[in-house]
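Trainee: Under this note's numbering, the first residue of the sequence shown is numbered 297, with each subsequent residue one higher.
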Amino acid sequence: MRTAFLSAAVFLFLAPLGAQQSGVPTAWKFYQDVKAGAPGVCKYKLPLEAVDEGTPSLSDIRVIDSDGKETPYLLEAARPVVAGAVSLPDFKSKLEGNKTVLTARAETGGYVESVALETPAGSFIKPADVYVSMDGKQWSKVAEGAPVFRQYCNSENLRVDIAPVLAKYIKVVVDDSRASPVPFTGLKAGVLPGAPTSLETLTASVISREDYASSSRLSVRLPARNLFVFAVELVVSDKLFSRRVTVSARSLEDGRISSKQLASDTIFTTDAAGSTVSRTKIAVYAQFQATDELVLNLDNGGSPPLDIKSVKAVYAPVYAVFQAKSAGTYRLLFGNKRALSRNYDLSGIAGYLTGKEFPAPSAGKVERNPAFAEAEALPKLEMLGGPIDTAKWLYKIPVSVERAGVQGLDLNFQVVSRAERDFRDLRLVSDSKQAPYILDRDYTIRNLPVSAERGEGSVSVSSWKIKLPCRNFPFSQLTASVPDAVFQRRVTLYESASDERGRAYRRILGSTVWSNSGQGAAAAYSIGASGTPSGDELQLEVENGDNKPLELSEFKLYYPVSRLIFKWTSAGGLWLYYGNREARYPSYDISLVAQELLREDKRPARLEGESGENQGWGNFKLSTALSRTVFWMVLAAVAALLIFLIVRLLPPPPQPDVK
């Protein structure tokens, strides 16, 4: 009876609400035919192409029946239930032979997925076994030989991950046979309030990798955009290591795009227990909206870079639940980035549909719509904004746009070196009107090989002169190759600058120690820059002590690249103005549709030729010999005029009395 009532309710609420002509509408880029074997509720896992080509909320998904009518659906996707750390009561610790046995009560009302040990001990490494029980008598082993450690180099792991399990009691047995026991003061459990969700794992592609002296940076492309990623897993061939890893992605804040850290954790592989145990998964719990790229930063310390074979993404698949009123073929449409979200009002029976098992229809191949006609990107977005008086801007450079649509304009060295460092003075201008844009700051990292000339110095100190491509070049790191097998040197990066009175001094940009103990040379040794140089030349100084000088080569500068994202459909001239210290950050309405702009495919706009000087009063500078000469001549004339006026205005001196 209840089943019949549920079927009737589902049928009534999922009755088709709209109609379209048969076939595929031209606004949808892709379609896929799915076949329901019988009438009733179906649950279909969306292909990755639908998630990748759609909007972050998948508002463009449509299900069409054989009559061309729109069929309502409900999207179902697993979302993480983040485990909370719970201190376990009734903690007890005792020594049994060469083992330390820790027990506690775990009546947490959820699924235990990890156990963490608390200890004041400073440095140790021990294997541990974890047991769970429902009555405190019958124990089941859920982890064996898991390493728990703390090192003086700020590396530690006191957590043991286990498969989620219901438990009322927890026991941890620490093996002390290889080292003296250490004190433990408590146990914590990571508890999931609900049953674990069903997830899938796919291999991501590594776009680029850069290995520095003490760190590695990997840019990774996920299998699709808009994925909700639960975790990232590294496949590493090294047999003994411990690394701190951070996961970052691009995000929009205050109309500007920047990098945001999503997660950080320690990965390791060790054989401390006599058998190899590893943890190479980092929990992320984030949706990568309108992007499929993430960045992994590994802290190598003084160790060589890891041999990373691949990177895997653990993500939540998305299902479409819909009512098949008859057996037959239904058509799934997706790939319309400007489609509006449908409100089918199915929330009233969502509890009956989500988390349930329903028949899965068979699916054909994903097909591209041959009649697809892409609509104009953001048709309601005005291409030009308010007027602007460019008299106070010092420089301008023409912008070349090849195709209409959403543009991505990389800022070159000239613009970066002359503009304000926060880019608040950048303006896109056409016919004295502003073209609104979104600033995508530091959206990628690039490298530039540079020449270095060996400088003169003492035997104990070596120096290199490094020529920058321009003044005010905002690089983040300098790297160099060192062939020597065993060495340790203090390295300093600085520029020769002048203070307000013209006195020269060293402006230190960075300092670090390069070392190699003979365990394998690093791909490159790096030194970071804490500021932006004001000139166009750097000095790299290496302290040799009583050792022979190092032979450095293959110098590279790593620098962030920023870009402007804007819409342009006109054939008119477009200019980029910059160089105005009084300018404030622009405030454009375009920030309200920033997510839509990021989803659009971006045409590469370019800056053409050399920067020209803007013909305004703000362009007067004292940077040339002629301008300085004119300035001093005018200043001298003004001073002479002031002296003349003072002399004329002063009363004449009194005449002496003649007697």
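Each residue gets a CB set at the ideal place from its N, CA and C atoms; glycine is no exception.
When the cut-off is 8 Å and only beta carbons count, does residue 791 lie next to chain D?
Mentor: Any reference to chain D falls outside this structure, which holds one protein chain only.
Trainee: Which full runs of the beta strand (DSSP E) of 3+ residues lie inside the stretch 547-601, going along the chain?
Mentor: 552-566, 573-575, 577-583 and 589-595
Trainee: For the candidate residues 353, 855, 946 and 849, whose alpha-carbon lies nearest to that of residue 583?
Mentor: 353
Trainee: Taking only the alpha-carbon atoms, compute the straight-line gap between residue 334 and residue 350 and give it to the nearest angstrom.
Mentor: 29 Å
Trainee: By DSSP's criteria, residue 812 is part of a beta bridge. Which residues make up the other side?
Mentor: Residue 812 is bridged to 783.
Trainee: Compute every distance between the C-beta of residue 562 and the non-hydrogen atoms of the ligand GTP, then say whether any falls below 7 Å.
Mentor: Only the bare structure without any ligand can be found here, which leaves the ligand GTP out of the picture.
Trainee: Throw me the rounded Cβ distance for the residue 606 and residue 499 pair, which I believe falls under 8 Å.
Mentor: Correct: roughly 5 Å between the Cβ atoms.
Trainee: Measure from the alpha carbon of residue 486 to the alpha carbon of each residue in 779, 458, 471 and 501, then state which is nearest.
Mentor: 458
Trainee: Strictly by DSSP, which residues pair up with residue 338?
Mentor: 618
Trainee: Would you mind reading off the limits of the beta strand (DSSP E) that contains residue 505?
Mentor: 496-507
Trainee: Is residue 578 near residue 871, with beta carbons less than 8 Å apart?
Mentor: no
Trainee: Got a sec, what are the start and stop residues for the alpha helix (DSSP H) residue 884 sits in?
Mentor: Residue 884 -> no alpha helix (DSSP H), and no H or E assigned at all.
Trainee: If you drop the 5 nearest sequence neighbours on each side, which residues of the same chain put their C-beta closer than 7 Å to that of residue 720?
Mentor: 879, 880 and 881
Trainee: Candidates 336, 655, 347 and 338: which alpha carbon is nearest residue 327's?
Mentor: 347
Trainee: For residue 813, which residues from the same chain have a beta carbon less than 7 Å from its beta carbon, with the 5 sequence-adjacent residues on both sides left out?
Mentor: 782
Trainee: Expressed to the nearest angstrom, what Euclidean distance is found between the alpha-carbon atoms of residue 470 and residue 453?
Mentor: 14 Å
Trainee: Got a sec, what are the start and stop residues for the alpha helix (DSSP H) residue 713 sits in?
Mentor: Counting along the chain, the alpha helix (DSSP H) containing residue 713 begins and ends at 709-714.
Trainee: Exposed or buried, residue 822, counting other C-beta atoms within 10 Å across all chains shown (16 or more means buried)?
Mentor: buried
Trainee: Secondary structure at residue 913, three-state DSSP: helix, strand or coil?
Mentor: Caution is warranted here: a pLDDT of 46 is assigned to residue 913, below 50, making its placement in the model unreliable, and no coordinate value can be reported.
Trainee: Rounded C-beta distance between residue 395 and residue 654? I'm assuming under 8 Å.
Mentor: Incorrect: roughly 50 Å between the Cβ atoms, too far for contact.
Trainee: With respect to the alpha helix (DSSP H) encompassing residue 344, which residues constitute its N-terminal and C-terminal limits?
Mentor: 344-349 is the extent of the alpha helix (DSSP H) around residue 344.
Trainee: Looking at residue 684 and residue 728, is the spacing between their C-beta atoms short of 8 Å?
Mentor: yes
Trainee: Start and end of the beta strand (DSSP E) containing residue 870?
Mentor: 870-874
Trainee: On the DSSP bridge list, what partners appear for residue 486?
Mentor: 381 and 410
Trainee: Leaving aside the five residues before and after residue 786 along the sequence, list all residues of the same chain whose C-beta is less than 6 Å from its C-beta, in chain order.
Mentor: 809 and 839
Trainee: What are the boundary residues of the alpha helix (DSSP H) that includes residue 649?
Mentor: 646-649
Trainee: Under a three-way DSSP split, which group does residue 927 fall into?
Mentor: Correct three-state label for residue 927: helix.
Trainee: Do the stretch 721-740 and the stretch 786-798 make contact, defined as three or more Cβ pairs closer than 8 Å?
Mentor: no
Trainee: Where DSSP assigns a beta bridge to residue 457, which residues make up the other side?
Mentor: In the DSSP output, where bridge partners are listed per residue, residue 457 has 410.
Trainee: With a CB to CB cut of under 6 Å and the five nearest residues on each side skipped, what residues in its chain are close to residue 529?
Mentor: 576, 577 and 608
Trainee: Measure the C-alpha to C-alpha separation of residue 847 and residue 869 and round it to an integer number of angstroms.
Mentor: 51 Å
Trainee: Is residue 521 near residue 612, with beta carbons less than 8 Å apart?
Mentor: no
Trainee: Could you give the distance in angstroms between the alpha-carbon of residue 845 and the alpha-carbon of residue 756?
Mentor: Computed Cα separation, rounded: 8 Å.
Trainee: State buried or exposed for residue 434, treating a residue as buried only when at least 16 other CB atoms are found within 10 Å of its CB.
Mentor: In the assembly as shown, residue 434 is an exposed residue. Its beta-carbon has fewer than 16 other beta-carbons within 10 Å.
Trainee: Suppose you measure from the CA of residue 633 to the CA of residue 802; what does that come to, to the nearest Å?
Mentor: Going by the C-alpha atoms only, they are around 54 Å apart.
Trainee: Alpha carbon to alpha carbon, how far is residue 884 from residue 415?
Mentor: The straight-line gap from Cα to Cα measures roughly 53 Å.
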